[in-house]
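Enquirer: Below you will find the structure I want to go over with you.
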Amino acid sequence: MKISRLTWKTFLTVEPVLFLCACAFFMNIPLQKQFIYSKFSQKVGFPYSLQKDEIHGEMNAVKNDTMKKLENEVQTLSSNFDSLNVPSQLLPSLIMGLFIGPWTDIGGRKPAILASVTGAIIEALFVIGVVYFELSLYLILVGKLFNGLSGFFGSLTQASFSYISDTTETSLVSTRLAILQLVIFTGGFLGQAFSGIIMSRFGFLSPCLIILVLSLAAFSYSLYSVPESLPRTDHSHSLFTTGSFTRLIQVFTNSRPSSQRWNLLVLVLLNTIYFIVAMGTRSVNILYLMRSPISLSPTLLGAYTALRFLMEGLGGIIGVVVLKKYLKEENVIRVGFLSLGLSMTWLGFVANKEQAFTVPVVGSICGILMPTIKGMAANIVTIQEKGSMFTAITGIEGLSMIIGSLLCNTMYVYFSSTGKPGLVFVFFGTLSLLSIFIVSILQKPKEE
1 MKISRLTWKT FLTVEPVLFL CACAFFMNIP LQKQFIYSKF SQKVGFPYSL QKDEIHGEMN
61 AVKNDTMKKL ENEVQTLSSN FDSLNVPSQL LPSLIMGLFI GPWTDIGGRK PAILASVTGA
121 IIEALFVIGV VYFELSLYLI LVGKLFNGLS GFFGSLTQAS FSYISDTTET SLVSTRLAIL
181 QLVIFTGGFL GQAFSGIIMS RFGFLSPCLI ILVLSLAAFS YSLYSVPESL PRTDHSHSLF
241 TTGSFTRLIQ VFTNSRPSSQ RWNLLVLVLL NTIYFIVAMG TRSVNILYLM RSPISLSPTL
301 LGAYTALRFL MEGLGGIIGV VVLKKYLKEE NVIRVGFLSL GLSMTWLGFV ANKEQAFTVP
361 VVGSICGILM PTIKGMAANI VTIQEKGSMF TAITGIEGLS MIIGSLLCNT MYVYFSSTGK
421 PGLVFVFFGT LSLLSIFIVS ILQKPKEE
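Residue numbers for the sequence shown, in full-length UniProt numbering: 1 to 448.
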């Protein structure tokens, strides 16, 4: 029986798993970025210290051509490494997700959740090895490859979204997805907030061990406390079949009433733009905040990313609950893209730490985009198509993040060489603002 009323027991299935995994996953992002940055800093002789109030320590005040040249070199090396970092994980996860997602419609959601968490455990072990034994940075890419082959965080969220759609009444899907997003953002908030503090006090190894423990806890909870949401009608169903691709294509080709097929395609396009802008730029966002004149320390960088996650999480749940009472869903999406576009554009002009911390506040309402768009899409397809639909969307999201990351890193290196690195965020902010007009091509359902 589907859930028709939300109670505290409602949120004891996939929500704790997503919370633990989000905490580990988002703690891992600044950890790896700063670890890689520190290694390249050592390589070129640029001053770096986890204990200083500012990331460049006492040398931050020294404004000479040599230091500026070294800083640009470290930024370029880190950005180029990130250009390998993102595809090494997202490409295999994109491919595997095309098989895993449709399979969950028959084989169940729980196996996909367990597989994704297993991949996170394997990556954590690789990172611990690199940090503790001072091995090659490229072994981190190997760990990411294994994580990607397990489906990565995208398959975890896809299976969780499908799980919620399976077990929740249609009228409550958007609300529960928004709450799940808040759970993810809360986990991300705590992971990011404590990552900088732990790194500053104990170095890089301690947060690596915490990430491993969190991932193991998520696996244990998934295994013993999360019931399957669908009956497994065919236990012998193979994972690698052409039928998986057929079901993905059918999501967009199946006959639907009125203009629903068109609206589904437009919603996918809007979601793609959101991921290119919001997710594809996040690694460069960290590099930008680490460079002078902003120069956020690990603690402040953790506080910044934590604030961003908190604001987007709160903005998502409050926006869905409050704005949908007064605005149509199309206008809710417009408000979200307006918030995202203004925050990205403003980020390109910030010149100090105080201004940097206003960016998450400006962008807080963009948290409504993902639950609103996916909720609208979920209400278009049938329950038998939900897993395939979320898989298709997750795959497109992964491709969007790769495209956004490669484009953003390339543009960042170029604009850094011209002395105006912030222009890359102005570009992506403009792209977000243009999306406001794309919403207008959504068609109203015709009377049947």
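We put the beta carbon where it would ideally sit given N, CA and C, even for glycine.
1) Rounded to whole angstroms, what's the CA-CA distance from T305 to P257? Just pull it up for me.
2) Hey, could you find the ends of the alpha helix (DSSP H) I333 is sitting in?
3) Closer than 8 Å by C-beta to I373: which residues in its own chain qualify, once you throw out the five before and the five after it? Chain order, please.
4) Does the beta-carbon distance from I164 to L182 come in below 9 Å?
5) Using only alpha-carbon positions, find the residue among L265, T358, L84 that is nearest to I393.
6) Taking just the CA atoms, how far does P47 sit from S432?
7) Can you round the beta-carbon distance between V226 and T10 to whole angstroms, since I take them to be within the 8 Å contact cut?
8) In chain order, what residues of the same chain lie with their CB nearer than 6 Å to the CB of R176, ignoring the 5 residues before and after it?
9) If we count Cβ pairs, one from each stretch, closer than 8 Å, do we get three or more for the region 293 to 307 versus the region 319 to 334?
10) Cutting at 6 Å between CB atoms, please list the residues of its own chain near W262, excluding the five before and the five after it.
11) Please confirm whether G203 and G154 have their CB atoms less than 9 Å apart.
12) DSSP three-state call for L423: helix, strand or coil?
13) Would the region 142 to 149 and the region 110 to 126 be scored as touching if the rule is three or more Cβ pairs under 8 Å?
14) State yes or no: is the C-beta of P293 within less than 9 Å of the C-beta of M27?
15) What are the boundary residues of the alpha helix (DSSP H) that E228 is part of?
16) With a threshold of 16 other CB atoms inside 10 Å of the CB of R201, please say whether the residue is buried or exposed.
17) Of all the options E228, F245, R291, M344, which has the alpha carbon lying nearest to the alpha carbon of M279?
18) Measuring straight from C-alpha to C-alpha, what distance separates N60 and I249?
19) Skipping 5 residues on each side, what residues in its chain have a beta carbon closer than 7 Å to that of Q384?
20) Near F357, what residues of its chain come up, given a Cβ to Cβ distance below 7 Å and the 5 sequence neighbours on each side ignored?
21) Is P231 buried or exposed, if buried means 16 or more other CB atoms sit within 10 Å of its CB?
22) Identify which residue in L141, K68, Y132, K69 has its Cα closest to the Cα of Q89.
23) The alpha helix (DSSP H) that contains L190, what's its start and end?
24) Helix, strand or coil: which one does DSSP assign to I36?
25) Within 10 Å of its beta-carbon, does W8 have 16 or more other beta-carbons around it, so buried, or fewer, so exposed?
26) Using alpha carbons as the reference points, say which of L172, C408, L347 lies closest to V321.
27) So, are the CB atoms of T299 and I197 less than 9 Å apart?
28) So L145 is in the alpha helix (DSSP H); what residue range does that whole segment cover?
29) Could you tell me which of G319, I396, T382 sits nearest to G363, measuring between CA atoms?
30) Classify A351 as buried or exposed, calling it buried when 16 or more other Cβ atoms lie within 10 Å of its own Cβ.
31) To the nearest angstrom, how far is the alpha carbon of M376 from that of K386?
32) List the DSSP bridge partners of I3.
33) Taking only three categories from DSSP, how would you classify A218?
34) Pick helix, strand or coil for L223, following the three-state DSSP scheme.
35) On the three-state DSSP scale, how would you describe V251?
36) For a test of the three-state rule: what should DSSP assign to S49, helix, strand or coil?
Expert: On the basis of the coordinates in this document:
1) As a working note, residue 305 is residue 305 in the sequence shown. As a working note, residue 257 is residue 257 in the sequence shown. Cα-Cα distance, rounded: 43 Å.
2) Here residue 333 corresponds to residue number 333 of the sequence shown, with the count starting at 1. Following the DSSP letters along the chain, one finds I333 inside the alpha helix (DSSP H) bounded by residues 329 to 347.
3) Here residue 373 refers to the residue found at position 373 of the sequence shown. For I373, same chain residues with a beta-carbon under 8 Å away, outside a window of 5 residues either side, are L267, L270, N271, Y274, I333 in chain order.
4) Looking up residue 164 in the sequence shown gives position 164. Looking up residue 182 in the sequence shown gives position 182. By the CB criterion at 9 Å, I164 and L182 fall outside the cutoff.
5) Within the sequence shown, residue 393 is the residue found at index 393, counting from 1. Looking at the Cα atoms, L265 is the closest of the given residues.
6) As a working mapping, residue 432 is identified with position 432 in the sequence shown. As a working mapping, residue 47 is identified with position 47 in the sequence shown. The straight-line gap from Cα to Cα measures roughly 36 Å.
7) Position 226 of the sequence shown holds residue 226. Position 10 of the sequence shown holds residue 10. T10 and V226 do not touch by the CB rule: their CB atoms are close to 13 Å apart, not below 8 Å.
8) Taking the sequence shown and counting its residues from 1, the one referred to as residue 176 is at position 176. Excluding positions up to five away in sequence, the list reads I164, T168.
9) Result no; under three Cβ-Cβ pairs closer than 8 Å.
10) Counted from its first residue, the sequence shown places residue 262 at position 262. Result list for W262: Q443, in chain order.
11) Stepping through the sequence shown from its first residue, residue 203 is reached at position 203. Stepping through the sequence shown from its first residue, residue 154 is reached at position 154. No.
12) The residue labelled residue 423 in the question sits at position 423 within the sequence shown. Looking at L423 - three-state DSSP - the assignment turns out to be helix.
13) In short, these stretches touch, since the Cβ pair count reaches three.
14) Position 293 of the sequence shown holds residue 293. Position 27 of the sequence shown holds residue 27. Their beta carbons are not under 9 Å apart, which means P293 does not touch M27 by this criterion.
15) Residue 228 sits at position 228 when you count from the first residue of the sequence shown. That residue, E228, is in no alpha helix (DSSP H); it is neither H nor E in DSSP.
16) Looking up residue 201 in the sequence shown gives position 201. Note on R201: under 16 other CB atoms within 10 angstroms of its CB, so exposed under the neighbour-count rule.
17) Stepping through the sequence shown from its first residue, residue 279 is reached at position 279. Measuring from the Cα of M279, the nearest candidate turns out to be M344.
18) Taking the sequence shown and counting its residues from 1, the one referred to as residue 60 is at position 60. Taking the sequence shown and counting its residues from 1, the one referred to as residue 249 is at position 249. Confidence in N60 is poor, its pLDDT being 48 and thus under 50, which makes the residue's placement unreliable; the coordinate value appears in the next sentence. Approximately 53 Å between the Cα atoms of the pair.
19) As a working mapping, residue 384 is identified with position 384 in the sequence shown. If we look at Q384 and ignore the five residues flanking it on each side, its Cβ neighbours are D105.
20) Indexing the sequence shown from 1 puts residue 357 at position 357. Result list for F357: Y304, L307, in chain order.
21) Walking along the sequence shown from the start, residue 231 turns up at place 231. By the beta-carbon neighbour count (other beta carbons within 10 angstroms, threshold 16), P231 is exposed.
22) Taking the sequence shown and counting its residues from 1, the one referred to as residue 89 is at position 89. Measuring C-alpha to C-alpha distances from Q89 to each of L141, K68, Y132, K69 identifies L141 as the nearest.
23) Counted from its first residue, the sequence shown places residue 190 at position 190. Run containing L190: 170 to 202, per the alpha helix (DSSP H) assignment.
24) Along the sequence shown, one-based indexing puts residue 36 at 36. Helix, per DSSP.
25) Working through the sequence shown from its first residue, we reach residue 8 at position 8. So W8 ends up on the exposed side.
26) Residue 321 sits at position 321 when you count from the first residue of the sequence shown. The residue among L172, C408, L347 with its C-alpha nearest the C-alpha of V321 is L172.
27) For the purposes of this step, residue 299 is taken as the residue at position 299 of the sequence shown. For the purposes of this step, residue 197 is taken as the residue at position 197 of the sequence shown. Yes; because the gap between Cβ atoms is below 9 Å, this pair is in contact.
28) Taking the sequence shown and counting its residues from 1, one reaches residue 145 at position 145. Residues 138 to 149.
29) Counted from its first residue, the sequence shown places residue 363 at position 363. Nearest to G363 by alpha-carbon distance, out of G319, I396, T382, is G319.
30) Here the question's residue 351 lines up with position 351 in the sequence shown. Under this definition A351 is an exposed residue.
31) In the sequence shown, residue 376 corresponds to position 376, counting from 1. In the sequence shown, residue 386 corresponds to position 386, counting from 1. K386 has its alpha-carbon roughly 12 Å from the corresponding atom of M376.
32) Taking the sequence shown and counting its residues from 1, one reaches residue 3 at position 3. Answer is T168.
33) Along the sequence shown, read from residue 1 onward, the residue named residue 218 stands at position 218. Residue state, collapsed to three classes: helix.
34) In the sequence shown, the residue the question calls residue 223 occupies position 223. Correct three-state label for L223: helix.
35) Stepping through the sequence shown from its first residue, residue 251 is reached at position 251. When DSSP states are grouped into helix, strand and coil, V251 belongs to the helix group.
36) For this step, residue 49 is matched to residue 49 along the sequence shown. S49 falls in the coil class under three-state DSSP.
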